[in-house]
Amino acid sequence: MLHILTNSDNLRALYRRELPVNVEQDVFLLTQDCVYAGILDHKDHLMILSLKKCYFLQEDMEARGLKSLIDDNIQVVNYSSFVSLTQEYSPVVTW
73 MLHILTNSDN LRALYRRELP VNVEQDVFLL TQDCVYAGIL DHKDHLMILS LKKCYFLQED
133 MEARGLKSLI DDNIQVVNYS SFVSLTQEYS PVVTW
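Per the working numbering, residue 73 is the first one in the sequence shown, and the count goes up by one each step.
What follows is the structure, given as structure tokens:
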């Protein structure tokens, strides 16, 4: 299953186990304001480290001027890869 997370409230709900996910098997794509969690000293950064397969949308990072602030260990994907993820994983859920 592919989970697309769009804001930090949903990221925190994920961390509190309020969302029906399997962090061992599911794939996570962080978009919109969730990309701020990729900054090393961001309050939500530690939350994403527990996710086995976690990607950040490059275009959303660039739109917010975060490209140079993002942790080097973060896996970044572009729109083309985003589309590939939606084709590879089913179902797709946006939170």
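Yeah, the Cβ is synthetic: ideal placement off N, Cα and C, and Gly gets one too.
Which runs of the beta strand (DSSP E) at least 3 residues long sit entirely within the stretch 99–138? Give them in chain order. Note on the stretch 99–138: whole beta strand (DSSP E) runs with a minimum of 3 residues are 99–102 and 125–129, in chain order.
Counterpart residues of residue 77 in DSSP-defined beta bridges: Residue pairing from DSSP places residue 77 in a beta bridge opposite 102.
Residue 99 to residue 162 span [Cα, whole Å]: About 10 Å.
Identify whether residue 155 lies in helix, strand or coil by the three-state DSSP scheme. Residue 155 sits in a helix when the DSSP states are folded into three classes.
Could you check if residue 80 is buried or exposed, using at least 16 other CB atoms within 10 Å of its CB as the buried criterion? By the Cβ-count criterion, residue 80 is buried, with 16 or more other Cβ atoms from all chains shown falling within 10 Å of its own Cβ.
Are the Cβ atoms of residue 91 and residue 164 separated by less than 9 Å? Going by beta carbons, residue 91 and residue 164 fall outside the 9 Å limit.
Where DSSP assigns a beta bridge to residue 164, which residues make up the other side? Residue pairing for residue 164: DSSP places it in a beta bridge opposite 74.
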